[in-house]
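Under the working numbering, the first residue of the sequence shown is numbered 7, with each subsequent residue one higher. All C-beta atoms, glycine included, are put in the ideal place defined by N, C-alpha and C. Below you'll find the structure, written out as structure tokens, and then a few comments.
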Amino acid sequence: MRKVRFGILGCADIAIRKVIPGILSSETGELYAVASRDGAKAEEVARRFGAPRAYGSYEDLLRDPDVDAVYIPLPNHLHKPWTMRAAEAGKHVLCEKPIALDAREAQEMVDACRAQGVHLAEAFMYRHHPRYDRVLHLVRSGAIGAVRGIRGSFTFNNAHDVGNIRYRRDWGGGSLYDVGCYPISAARLIVGEEPVAATAHAFFSDQHDGVDMYLAGLVEFEGGVSLTFDCGMWAAERNEVEVVGTDGRLILEHAFLGEPVTLRVVSPDGDRVETFEPLDPYALEVDDLGRAILEDKPLRFPPEDAIKNMRVIDACLRSARTRQRVAIER
């Protein structure tokens with residue numbers, strides 16, 4: 007069976023530790039080329055993972071006619087320019103989250119890829135795991151009654167690493183971009199609707215170029231349903247989601263990454279913990295894009311979903327900076 011030949015634009019940690027292994031273990035993808043501004047680094051990573059080609063520039067990789075798709079793990083401010091260049095070169099794109107710096111950029115990226123006839127997917131790997139299918143089934147079937155609210159937390163403490171690219175404001179740094187985007191995307195998925203307004207409060211650190219090192223937010227959906235969430239890069243580690251219904255709760259520990267992969271269900275039928283096979287969500291997201299390319303199947307999450315997620319991020323960041331409730335474009 008023909009496979010999608012992936013090129014990697016940059017040797018970021020997420021590419022080396024997670025996405026390249028995901029490509030190698032996927033059913034539809036193969037690692038074909040690695041590019042870095044440091045040619046020696048590209049060659050070392052290519053050798054380590056068995057990629058037949060290595061390039062000392064991203065442009066050279068995009069000129070390779072044998073590359074079908076690229077994965078972009080670059081800093082956030084580079085997502086748009088390299089997605090646009092990849093689209094111009096006729097390459098499909100798996101772009102790391104958040105897809106852009108704002109919804110306007112995301113829209114331009116989606117439009118460019120559609121114009122060139124290539125697929126664009128945002129790399130929210132967790133959504134492809136069967137655990138979230140189970141959550142959606144339980145919510146839609148009324149297992150916990152009507153959903154009243156969702157609580158999400160994604161925090162870690164890396165504040166000592168002041169040179170980290172996450173702490174460059176002009177590069178799209180900050181906890182909302184880095185980890186807050188996860189509970190926002192999860193709530194939108196679970197509720198199945200787009201929110202109408204957001205209010206957020208943040209700790210902007212002068213030691214870290216003024217980015218939000220901790221942010222807490224309230225995202226409003228129609229009918230009184232809400233997401234309350236917090237995210238941080240200078241806080242104790244947490245990674246969890248709770249869906250609160252009128253008759254029960256769903257509790258996801260290690261909600262976005264890590265193991266064990268479990269779902270605690272508290273309902274009128276009792277309290278139980280469901281355990282899931284530890285599938286590689288990075289391989290699953292690669293296969294979703296791969297089947298769109300090879301079999302003309304629709305992406306499970308079309309790129310317009312990324313635009314909608316960015317609208318919520320935009321509103322949260324604006325609210326945190328202005329101390330005002332912000333309506334979300336719909």
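Rounded separation between residue i and residue j - CA only
i: Ser325; j: Val51; result: 41 Å
i: Val279; j: Arg140; result: 12 Å
i: Leu30; j: Ala333; result: 43 Å
i: Ala93; j: Ile150; result: 44 Å
i: Leu195; j: Val292; result: 19 Å
i: Asp218; j: Gly180; result: 5 Å
i: Phe235; j: Gln122; result: 37 Å
i: Asn170; j: Phe282; result: 34 Å
i: Gly13; j: Arg53; result: 14 Å
i: His143; j: His134; result: 14 Å
i: Val185; j: Asn315; result: 13 Å
i: Arg59; j: Glu228; result: 51 Å
i: Tyr138; j: Val124; result: 27 Å
i: Arg244; j: Ile257; result: 13 Å
i: Ile78; j: Cys101; result: 5 Å
i: Ala46; j: Pro308; result: 36 Å
i: Ile299; j: Arg331; result: 41 Å
i: Glu111; j: Pro274; result: 45 Å
i: Ala206; j: Arg329; result: 7 Å
i: Ser42; j: Ser147; result: 48 Å
i: Asp212; j: Pro304; result: 44 Å
i: Pro136; j: Asp286; result: 11 Å
i: Trp340; j: Gly276; result: There is simply no residue 340 to check, as the chain begins at 7 and stops at 336 in what is shown.
i: Ile26; j: Phe55; result: 8 Å
Check whether residue i and residue j have beta carbons under 7 Å apart
i: Gly16; j: Tyr288; result: no
i: Leu37; j: Ala57; result: yes
i: Gln113; j: Ile319; result: no
i: Ala152; j: Thr252; result: yes
i: Trp240; j: Ala165; result: yes
i: Gly216; j: Phe209; result: no
i: Glu226; j: Arg336; result: no
i: His260; j: Trp177; result: no
i: Ala109; j: Arg317; result: yes
i: Val231; j: Gly254; result: no
i: Ala48; j: Tyr64; result: no
i: Val99; j: Leu126; result: yes
i: Val10; j: Ile156; result: no
i: Leu233; j: Ala193; result: yes
i: Lys86; j: Ala106; result: yes
i: Cys187; j: Pro104; result: yes
i: Val76; j: Lys97; result: yes
Residues bridged to residue i (per DSSP)
i: Val76; result: Gly13 and Val99
i: Asn245; result: Phe160
i: Thr89; result: DSSP lists no partner for Thr89.
i: Asp236; result: Ser159 and Ala222
i: Pro251; result: Here the sequence assigns Gly to residue 251, which means Pro is not the residue at that position. Gly251 is bridged to Val153.
i: Ile257; result: Glu248 and Arg270
i: Leu300; result: BP columns for Leu300 are empty, so no partner.
i: Gly230; result: Answer is none; Gly230 lacks a bridge partner.
i: Asp277; result: Val272
i: Leu126; result: Val99
i: Val332; result: Ala204
i: Arg59; result: Ala39
Buried/exposed call for residue i, threshold 16 Cβ in 10 Å
i: Thr34; result: buried
i: Pro71; result: exposed
i: Glu301; result: exposed
i: Met7; result: exposed
i: Val168; result: exposed
i: Arg74; result: Note that residue 74 is Asp in the sequence shown, not Arg. Classification for Asp74: buried.
i: Thr161; result: buried
i: Glu310; result: exposed
i: Arg172; result: buried
i: Asp294; result: buried
* Asked: Taking the runs of the beta strand (DSSP E) that are 3 residues or longer, which of them lie wholly in the region 168–224?
  -> 203–210
* Would you mind listing the beta strand (DSSP E) stretches within the region 19–57 that are 3+ residues and don't spill past its ends, in chain order? => Counting only runs of 3 or more, we get 35–41.
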